[in-house]
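Numbering of the sequence shown is given in the working numbering, commencing with residue 164 and proceeding in unit increments. We put the CB at the ideal spot given by N, CA and C, even for glycine. On a predicted model such as this, the values are computed, not experimentally measured, just so you know. What follows is a short report on a single structure.
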Amino acid sequence: MEDLSPLAGRPFAFLFRYVARRPIAHAAILTAVVGAAACSVSTQYGVKSLIDALSGDHAELVWIAFALLAGLMAADNFLWRLAGWMASYAFVAASGELRGELFRHITDHAPSFFTSRQAGTVTGRVTATGNAAFTIQNMFIWNVLPPCVATLGAVAFLMTVDPLMTGSLVVVAAVLLYGLYRLAAAGATLHMGFADKAAGVEGELTDVVSNIMLVRSFGAIGRERRRFRDTVGEEMAARRTSLLYLEKIRFLHAALTVALTVGLLAWAIVLWQRGAISSGQVILVCTLGMTILYPTRDLAVALVDVTQHTARLSEALTTLLQPHDLRDTENARPLAGRRRAVTFENVSFTYADGHRVFEKFGVEFWPGQRTGLVGPSGGGKSTLLSLLQRFHDLDRGRILIDGQDIAQATQESLRQAISLVPQDISLLHRSVMDNIRYGKPDASDEEVMHAADAARCRSFIEALPQGFDTIVGERGARLSAGQRQRIAIARALLKDTPILLLDEATSSLDGESEEAIRQALDRLMENRTVIAIAHRLSTLRSFDRILVLEGGHIVQDGAPTELLHRDGPYRTLVWQELHRLSRTAA
164 MEDLSPLAGR PFAFLFRYVA RRPIAHAAIL TAVVGAAACS VSTQYGVKSL IDALSGDHAE
224 LVWIAFALLA GLMAADNFLW RLAGWMASYA FVAASGELRG ELFRHITDHA PSFFTSRQAG
284 TVTGRVTATG NAAFTIQNMF IWNVLPPCVA TLGAVAFLMT VDPLMTGSLV VVAAVLLYGL
344 YRLAAAGATL HMGFADKAAG VEGELTDVVS NIMLVRSFGA IGRERRRFRD TVGEEMAARR
404 TSLLYLEKIR FLHAALTVAL TVGLLAWAIV LWQRGAISSG QVILVCTLGM TILYPTRDLA
464 VALVDVTQHT ARLSEALTTL LQPHDLRDTE NARPLAGRRR AVTFENVSFT YADGHRVFEK
524 FGVEFWPGQR TGLVGPSGGG KSTLLSLLQR FHDLDRGRIL IDGQDIAQAT QESLRQAISL
584 VPQDISLLHR SVMDNIRYGK PDASDEEVMH AADAARCRSF IEALPQGFDT IVGERGARLS
644 AGQRQRIAIA RALLKDTPIL LLDEATSSLD GESEEAIRQA LDRLMENRTV IAIAHRLSTL
704 RSFDRILVLE GGHIVQDGAP TELLHRDGPY RTLVWQELHR LSRTAA
């Protein structure tokens, strides 16, 4: 798929991308609208012809003028309906494709993109982009193009009456339209400010709703209501400022239009008194003059509205279409082999905020080996797992899987080779069956249930109100922490990958559950390369190897029993844990 980031801040180029995919449909809509607008302005010439025929002695011309007028009115109405019918397909399809590609683009962002932004703000901007794009397309077709066509048609008909009058009117209308548009464009910063405040409201609302238990536990409902009221107040003030600016422009246009229309009609009457034009031509001048002047109002208003929606679209695109920090290289290949030896080779890594974690770091994890990572917070344990999953690119060095640099492998194949059971379990707002099957989308129901059996969670799942069809709630809120962890282990069992990463996989379990899960994990870890972070050292008693990390360096490396009988940080950590457990038991 094409990279969308070059289109950030270029709303019209972004929209044209989707218009160009359906050139025939959009050309047909354009033709129908132009035809309808031309017929609409031509009906006024038809009225003039009918009045002149009725006023003269040519009775045979009356019905010809009548047929012309009737035909123009019919074509006007039916062409509009044809355009609307085609737009119902083309515009909706373009809006759907647009949101789908935005979703693809944002899901390709590195995790750091989402940690620095509110989820509600990101999702709100996707919705705002789709709505703004749809609105701009509609406004151009229904509100911008018709007045332009009507004005050009009116000018052509007025030229047949009096070129001087027509030229004067065109100049005045052009100056008026240009002035109004410049005023509208000058308010772009106000419209952009409103768009930003509106996105902030969506972000605040999502943030509070997704953390409602935290808010309630701290008795912060009133505080959050006041905060939200203040945020909405800022958004309302920005919207009010934007709307009042638009109303000032509309009021100026209304005053000028009334004065110009009255002056044009007076000019036509003077010409009629001199016998220079007929009664029908007076009517034609009046109606066509209003066709030129009043549409400038509608056109100016439409351009103002388009400017406002374009500002919101531009703001959303600037936020969403950031370049991806992590990309597959041009010659990226899928990971090959199944042994899955993992090697960190002279790895140096620094976070974006300048915090350096590793400097020329090296270690090897052998196939089928269970390795535990221990040590104080900030030592680099979580960063090691993140780098192995390529959630960040390295400053220097390489990470190899079976000798293949993961930076040269496709990200999809890398993810397929690794299963993760994190400490903070993420479940989708779907059924238990869907959440377990997420590890293997094509798995049968029987395979899902077998994985649930192996993870020792089938019994509590079947006790849920709808069993495996029970919706777990947002992030699994309807389940306990231990239940969520067991479902995550079932998901990893079903995925069946050669590399397994565990991040405090038993931290939220009671003693009985922990023993059941330890048995499931023993099955899960068989014949796999396992790297596990653990603060409870008892969970590593069956592991082959322990790495103690401090300050981004390996300070101890060996089997648990070997390190336990050697002076060093590992034995200190074990004694500290035993002391803590004895105090808790007492």
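Asked                                                                                                          : Found
Alpha-carbon spacing of PHE124 relative to GLN300, whole angstroms                                             : With the chain represented from 164 up to 749, any question about residue 124 goes unanswered, as that position is not in the structure.
Euclidean distance between Cα positions of VAL425 and ILE304                                                   : 30 angstroms
Presumed contact (8 angstroms Cβ cut-off) between PRO309 and ALA200, rounded CB distance                       : 4 angstroms
For SER654, the first and last residue of its enclosing alpha helix (DSSP H)                                   : What sits at residue 654 in the sequence shown is Arg, not Ser. From DSSP, the alpha helix (DSSP H) with ARG654 extends over 644 to 658.
Beta-carbon proximity of MET249 to ALA191, cut-off 8 angstroms                                                 : yes
Distance CB(ASN598)-CB(ILE650) smaller than 8 angstroms                                                        : yes
Exposed unless 16 or more other CB atoms sit within 10 angstroms - verdict on HIS742                           : exposed
Buried versus exposed, by CB contacts within 10 Å (16 or more), ASP556                                         : exposed
Check whether LEU167 and CYS311 have beta carbons under 8 angstroms apart                                      : no
N-terminal and C-terminal residue of the alpha helix (DSSP H) that LYS523 is part of                           : Not the alpha helix (DSSP H): LYS523 falls in the beta strand (DSSP E), residues 519 to 528.
Pick from GLU689, ILE269, ALA256 that is closest to GLY531, judged by C-alpha positions                        : GLU689
Buried or exposed by the 16-neighbour rule on C-beta atoms within 10 Å, applied to ALA216                      : buried
Identified DSSP bridge partners for HIS716                                                                     : GLU713
Contact belief for VAL289 with LEU483 at Cβ below 8 angstroms, rounded distance in angstroms                   : 7 angstroms
Pick from GLU367, ALA313, VAL334 that is closest to ALA207, judged by C-alpha positions                        : Per the sequence shown, the amino acid found at residue 207 is Gln instead of Ala. Of the candidates GLU367, ALA313, VAL334, the one whose C-alpha sits nearest the C-alpha of GLN207 is ALA313.
DSSP three-state assignment for GLN629, whether helix, strand or coil                                          : coil
Cross-strand partners of GLN739 (DSSP beta bridge)                                                             : Its beta-bridge partners do not exist; DSSP assigns none.
For GLN574, three-class secondary structure by DSSP                                                            : helix
Cα-Cα separation, LEU536 to THR660                                                                             : 20 angstroms
Separation of LEU407 from THR470, as counted between CA atoms                                                  : 15 angstroms
Terminal residues of the alpha helix (DSSP H) in which ASP666 lies                                             : Here ASP666 belongs to no alpha helix (DSSP H); instead the beta strand (DSSP E) covers 662 to 666.
Assumed close pair GLN567, THR492 - CB separation to whole angstroms, cut-off 8 angstroms                      : The Cβ separation is near 12 angstroms, so there is no contact.
CB of LEU664 within 8 angstroms of CB of ILE694, strictly                                                      : yes
HIS728 beta carbon near the ligand HEM (any heavy atom closer than 7 angstroms)                                : Annotation note on the ligand HEM: not contained in the displayed structure, which lists no ligands.
Proximal residues to GLU260 (C-beta, below 8 angstroms), its chain only, five neighbours per side dropped      : TYR181, ARG184
3 or more residues per run - each beta strand (DSSP E) lying fully within the region 203 to 282                : none
Under the three-state DSSP convention, the category ASP707 falls into                                          : coil
Segment contact flag, the region 711 to 718 with the region 726 to 740, C-beta cutoff 8 angstroms, min 3 pairs : yes
First through last residue of the alpha helix (DSSP H) which encompasses ALA401                                : 384 to 436
Member of PHE391, GLY438, VAL338 whose CA lies at the smallest distance from the CA of LEU423                  : VAL338
Sub-8 angstroms separation of LEU577 and ILE569 beta-carbons                                                   : yes
Those residues which DSSP pairs with GLN300 across a bridge                                                    : Looking at the DSSP assignment, GLN300 forms no beta bridge with any residue, so it has no partner.
Three-way DSSP call (helix, strand, coil) for ARG561 in this model                                             : strand
Contacting residues, own chain, Cβ-Cβ under 6 angstroms from VAL520 (five flanking each side not counted)      : PHE512, GLY543, THR546, GLY715
Exposure of ILE662, with buried meaning 16 or more beta-carbon neighbours within 10 Å                          : buried
C-alpha gap between GLY538 and SER701, whole angstroms                                                         : 14 angstroms
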